[in-house]
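This report refers to the structure that appears directly beneath it.
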Amino acid sequence: MTFSRCKPPAKAPVPLFKGLTEEQCKIIDSLTDTAAHYARIIMANPKKTMSDLLRNNISTAILFNNATKSGELNVDIPCGPRGISGHAMEAMTQDALRLAKEHLPWLSINIRYGVVVSDMDLSDPTHPVLTIENVKTGETETGLVYDLVIKCSGTTFEVPITGEIQENGFSGIPNSAQVAEYLENQKMLDNEGYIIPGKSIFIGGIGLSAFDFVGIILAKTKIVKFDPDTKEFTIDEAEAKRNRNLVTFFSRTEGIFGACRHVNDAVKYLDSELITPEMILSLTLQNDLDTYPTFFELARILAAASCSSRRMPSQIEESMSTIEHMDRMATENEVLDKNSEILTETGLFRKWMWSFIFTHTMGPQPLQQRAALVEKYNHIVRHGWHNWRSMSYDISHKPQNEANDTGYLRHCHYRRIALNYIAGAPFEIHLLITRLYKLGVISWMQGAYEDLTWSKEARMFNLKGQRADGLIASRRLTAKNDKLGSRILEQAHTPAGEPVWHKGRLLKNKVGEYLHVFELGFTGHGKQWFDTNANEGAYQLMPIITNMAIIIESLISKGVEKPLNELMELHNAVLPKDEEFDAQAKQLEEPHRNLTHLILYARLIEKVYGERFAEKMQQGNTFESRERIIALMADIPKPKVQQALAAFERDWRNYKYDPISAQKFEKMTPDFSPEHMQAIKKLWAGMASRKPSDSYVWTKTVAQIDVNVSEVAEIELDAFQTPRMNGGIDLAGYGLEHVASYNQDLGQKVSPLVS
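Numbered per our numbering, the sequence shown spans residues 2 to 756.
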């Protein structure tokens, strides 16, 4: 968590960029280059990296091997353990601290390790008072007063098991050292440290959180072999046979299995003659439209239209059991492994869902398409995660009744499918899992944590009649696990009918005053609503939060009594006027009409032409061509065709474009989006030199410069670092001696370790 105190300047601050050399500018640029720092760390000793990964996590060893085939690290693909990213960022932080100390003498940065913020008193909304607790001693310190608090606690999770199940299960992070210790305690390892054949383990979940543990477990077996000469991984089928039923995934519901990222150039740069970016964008504007089911249907249509296997939309991502999904994905993985440029249904479906929600683009020039879309529809285009969040607004604000509950469950179902594909596992990992599934090493069963029992006598878990020696219970996101967030929300006012953290950034107290605290990371953990769980990581929000903090701190230094009010005035000044928003929405009427016609046409031709679906979709790539094909259907005497045609004509006759208003759009989308902040920074730049006595009248005068840092007062920045669990790869010898890594329990500097 990061906090700031603003003080009157003791002396004139040093402008950040004044007189910097070219080398110093390069240093500043490198502070944001996580990929370069990651590569420097992991490639400092590639042989040692591979040796450590083979010993600790087979999955990340496979990724690292695949990403270094050229001799250099390809950071554009999954390339190694996530934990090293933390050390890369730590190295960047140390570089930034040194730079700040040299060039920003007015900035005091204090970092306290091994503490947690346990409470926050917001009686004075402009000066939050913190209580912190030492995690080792339990001692508390209170009375820490700040002008501004930025809550950066990130994702908060809950252990899903209790009692003797928790006592005998593992619910930690995917850390090789801790998992090995757990397996040893469960008497699952032989004298060499390998899992004894015949031993088994339950893993809760069927997605990324569950998959994370597979590579660690496999490192404790002899199933996967690596040839250092050929750089190839193979599965020893004899060892696989000895370790049948080693891992059993379990989940509460049927019908879904963690998807795979089938992302090759053929999929990435695939274009479509059927839709345009404007057509995709228009879908987000229709009143009372549950967008997820519509995106799901459209993704099916486009995937089927691109398939060479004569598939129909209803056969793409069709309803099936979890085992059937695993079999289908296993087959697709083998096909893609033999031909890396083939178009798979999984790849096509994921590509279109990603395009609809995050980019609105397709084809070989997505950045140019996106830029053109932003320029033309700057009041409507929003960042992908903001779209993700906004698309659940309507469904979560409807009153509870039987009809709306059904719609809510339907919405959640399609939203879950979308997230499953968007957050798919890397292909190499998914291929390994499906191959081990086919060999009987990995299996799945339906069950829930509450179905588990523990036998003290047998020292085994039982799940609906199946037994296992160990249990890995992946932590899960819950509604109210963020205790500090809940404490903040107790002191905030929630408007009737609105979710907490409604706009994602600023809160008011019960008398309508802004609280000087806002969150960085996953918003909405005080109470988990779909439209408040933004799914934005800290790296996405940091540019927004940083600019907000600079403006607020500058306003405080100028003596402005209510800086957040002024910040909101800035925000409101950059919002479009009703007529500006309506004009852009009006331009999207024709694309929306065209897209609706396309969807209705696709429904019709699937019923009429079946396996000729792709052929007829390509023939109907314009509104006029579709109308000609539809007209010909009137002469087909079959009752089935005429019924389908009547349904099409009814739905098309009832179609009406009904875009949301500017007011509803702003309610749906979070305040201070990247688009908002760009406009606010330009507007603020023209105001930064004003004195406190000046009248703050925000106009749309634009100056093409950023905030003048020399105007910011002396700032004291405190950061409280809560404990992190380390373990796994010993990074000694990786050239990281200059990076300070802290053992939170001991409060001492130690050699960096990464999970």
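Here a beta-carbon is modelled for each residue, glycine too, at the ideal position from N, C-alpha and C. Keep in mind the model is a prediction, meaning the values are calculated, not measured.
Checklist entry - Considering only the beta carbon of each residue, do Phe250 and Ile204 sit closer than 7 angstroms? => result As a first step, residue 250 must be located in the sequence shown, where it is residue number 249. As a first step, residue 204 must be located in the sequence shown, where it is residue number 203. Taking 7 angstroms as the Cβ cut-off, Phe250 and Ile204 qualify as a contacting pair.
Checklist entry - Which residues in the same chain as Leu184 place their Cβ atom closer than 7 angstroms to its Cβ, once the five residues preceding and following it in sequence are excluded? => result One-based indexing of the sequence shown puts residue 184 at position 183. Cβ within range, chain order: Leu190, Ile196, Lys221 and Gly471.
Next on the checklist: At the level of alpha carbons, what is the spacing between His361 and Trp653?
Outcome noted: As a working note, residue 361 is residue 360 in the sequence shown. As a working note, residue 653 is residue 652 in the sequence shown. Each residue's alpha carbon lies about 25 angstroms from the other.
Checklist entry - Measuring CA to CA, which of Ile545, Phe65 and Ile29 is closest to Tyr39? => result In the sequence shown, the residue the question calls residue 39 occupies position 38. Among Ile545, Phe65 and Ile29, the Cα nearest to that of Tyr39 belongs to Phe65.
Checklist entry - Where does Asp338 land, buried or exposed, given buried means 16+ other C-beta within 10 angstroms? => result Residue 338 sits at position 337 when you count from the first residue of the sequence shown. By the 10 Å Cβ count, Asp338 comes out exposed.
Checklist entry - Using CA coordinates, which residue listed in Gln366, Ser283, Phe296 and Ile358 is at the minimum distance from Leu271? => result Residue 271 sits at position 270 when you count from the first residue of the sequence shown. Answer by Cα proximity: Gln366.
Next on the checklist: Would Leu601 and Phe673 be called neighbours here (beta carbons separated by less than 7 angstroms)?
Outcome noted: Locating residue 601 in the sequence shown gives position 600, where the first residue counts as 1. Locating residue 673 in the sequence shown gives position 672, where the first residue counts as 1. No.
Next on the checklist: Taking 6 angstroms as the limit between beta carbons, can you name the residues of its chain near Ile59, skipping five residues before and five after?
Outcome noted: Locating residue 59 in the sequence shown gives position 58, counting from the first residue. Contacts found: Gly216, Leu219, Ala220 and Val225.
Checklist entry - What does a CB cutoff of less than 7 angstroms around Asn595 pick up in its chain, not counting 5 residues either side in sequence? => result Taking the sequence shown and counting its residues from 1, one reaches residue 595 at position 594. Here the set comprises Met280 and Phe624.
Checklist entry - Can you give the Cα-Cα distance for Val512 and Asp125, rounded to whole angstroms? => result The count along the sequence shown starts at 1 and reaches residue 512 at position 511. The count along the sequence shown starts at 1 and reaches residue 125 at position 124. So the alpha carbons of these two residues sit roughly 12 angstroms apart.
Next on the checklist: Measuring straight from C-alpha to C-alpha, what distance separates Arg99 and Arg113?
Outcome noted: Here the question's residue 99 lines up with position 98 in the sequence shown. Here the question's residue 113 lines up with position 112 in the sequence shown. Each residue's alpha carbon lies about 17 angstroms from the other.
Checklist entry - Among Pro638, Leu433, Gly408 and Thr547, which one has its Cα closest to the Cα of Thr292? => result Within the sequence shown, the letter at position 291 stands for residue 292. Cα-wise, what sits closest to Thr292 is Gly408.
Item to check | Other residues of its chain near Pro660: CB distance less than 6 angstroms, five sequence neighbours each side excluded | outcome: The residue given as residue 660 occupies position 659 in the sequence shown. Once the five neighbours on either side are set aside, the close Cβ partners of Pro660 are Leu286 and Ala586.
Checklist entry - What is the rounded straight-line gap between the Cα of Met461 and the Cα of Val442? => result Translated into the one-based positions of the sequence shown, residue 461 becomes position 460. Translated into the one-based positions of the sequence shown, residue 442 becomes position 441. If I take the Cα positions, the gap works out to 19 angstroms.
Checklist entry - Can you round the beta-carbon distance between Thr347 and Glu333 to whole angstroms, since I take them to be within the 8 angstroms contact cut? => result Along the sequence shown, read from residue 1 onward, the residue named residue 347 stands at position 346. Along the sequence shown, read from residue 1 onward, the residue named residue 333 stands at position 332. Yes, they are in contact, since the Cβ atoms of Thr347 and Glu333 sit about 6 angstroms apart, within 8 angstroms.
Item to check | Reduced DSSP secondary structure (H/G/I, E/B, other) of Arg1 | outcome: Residue 1 is absent from the structure shown; the chain starts at 2 and stops at 756.
Item to check | Same chain, Cβ closer than 8 angstroms to Thr163, five either side skipped, listed in chain order | outcome: Here the question's residue 163 lines up with position 162 in the sequence shown. For Thr163, where only same-chain residues beyond five positions count, there are no Cβ hits under 8 angstroms.
Checklist entry - Under 7 angstroms between C-beta atoms, does Leu542 make it to chain B? => result No chain B is present in this structure, which holds just one protein chain.
Item to check | Glu612 to Glu667 span [Cα, whole Å] | outcome: For the purposes of this step, residue 612 is taken as residue 611 along the sequence shown, with counting starting at 1. For the purposes of this step, residue 667 is taken as residue 666 along the sequence shown, with counting starting at 1. Straight-line Cα distance between these residues: approximately 43 angstroms.
Checklist entry - Taking C-beta to C-beta, are Ala469 and Ile207 nearer than 7 angstroms? => result To locate residue 469, count along the sequence shown from 1; it is residue 468. To locate residue 207, count along the sequence shown from 1; it is residue 206. It is not a contact, given that the beta carbons lie outside the stated cut-off.
Item to check | Contact between the region 307–316 and the region 233–241 (3+ Cβ pairs under 8 angstroms) | outcome: no
Checklist entry - Does DSSP classify Cys26 as helix, strand or coil? => result Reading the sequence shown from its first residue, position 25 is the one you call residue 26. Helix.
Next on the checklist: Quick check on Gly621: buried or exposed, where buried means 16 or more other Cβ atoms within 10 Å of its Cβ?
Outcome noted: As a first step, residue 621 is located in the sequence shown; it is residue number 620 there, counting from the start. Buried.
Next on the checklist: Whole angstroms are fine: how far does the CA of Ile358 sit from the CA of Leu490?
Outcome noted: Within the sequence shown, residue 490 is the residue found at index 489, counting from 1. Within the sequence shown, residue 358 is the residue found at index 357, counting from 1. Their Cα atoms are separated by approximately 30 angstroms.
Checklist entry - What does DSSP give as the partner residues of Phe227 in its beta bridges? => result Locating residue 227 in the sequence shown gives position 226, where the first residue counts as 1. Answer by DSSP bridge pairing, in chain order: Phe234.
Checklist entry - Pro427 bridges to which residues according to DSSP? => result As a working mapping, residue 427 is identified with position 426 in the sequence shown. According to DSSP, Pro427 bridges with Arg262.
Checklist entry - Using the rule of at least 16 other Cβ atoms within 10 Å of the residue's Cβ for burial, across every protein chain shown, is Asp34 buried or exposed? => result As a first step, residue 34 is located in the sequence shown; it is residue number 33 there, counting from the start. Label assigned to Asp34: exposed.
Next on the checklist: Mapping the DSSP letters down to three states, classify Phe519 as helix, strand or coil.
Outcome noted: Here residue 519 is taken as the residue at index 518 of the sequence shown, counted from 1. In the structure shown, Phe519 sits in a strand (DSSP, three-state: E or B).
Checklist entry - Going by alpha carbons, who is nearest to Ala45 out of Asn192, Val116 and Thr69? => result Counted from its first residue, the sequence shown places residue 45 at position 44. Measuring from the Cα of Ala45, the nearest candidate turns out to be Thr69.
Item to check | Residue range of the beta strand (DSSP E) that includes Glu469 | outcome: As a working mapping, residue 469 is identified with position 468 in the sequence shown. Sequence check: residue 469 is Ala here, not Glu. First-last of the beta strand (DSSP E) with Ala469: Gln467 to Ala469.
Next on the checklist: Using 8 angstroms for Cβ pairs, my map puts Asn265 next to Glu342. What's the rounded Cβ distance?
Outcome noted: Reading the sequence shown from its first residue, position 264 is the one you call residue 265. Reading the sequence shown from its first residue, position 341 is the one you call residue 342. Indeed, because the Cβ distance is near 6 angstroms, the residues count as touching under 8 angstroms.
Checklist entry - Given 8 angstroms as the limit, is there contact between the region 416–430 and the region 255–262, that is, 3 or more CB pairs closer than that? => result yes
Checklist entry - How big is the Cα-Cα spacing for Ala304 and Ala331? => result By one-based count along the sequence shown, residue 304 stands at place 303. By one-based count along the sequence shown, residue 331 stands at place 330. So the alpha carbons of these two residues sit roughly 19 angstroms apart.
Item to check | DSSP three-state assignment for Ser1, whether helix, strand or coil | outcome: The structure shown does not extend to residue 1, since the chain is modelled only from 2 through 756, so no value can be given for it.
Item to check | Pairwise C-alpha distance: Val248 and Ser86 | outcome: Reading the sequence shown from its first residue, position 85 is the one you call residue 86. Reading the sequence shown from its first residue, position 247 is the one you call residue 248. Distance between the alpha carbons of Ser86 and Val248 is about 28 angstroms.
Next on the checklist: Quick check on the DSSP output: the alpha helix (DSSP H) that includes Gly348 runs from which residue to which?
Outcome noted: The residue labelled residue 348 in the question sits at position 347 within the sequence shown. Its alpha helix (DSSP H) spans residues Glu346 to Trp355.
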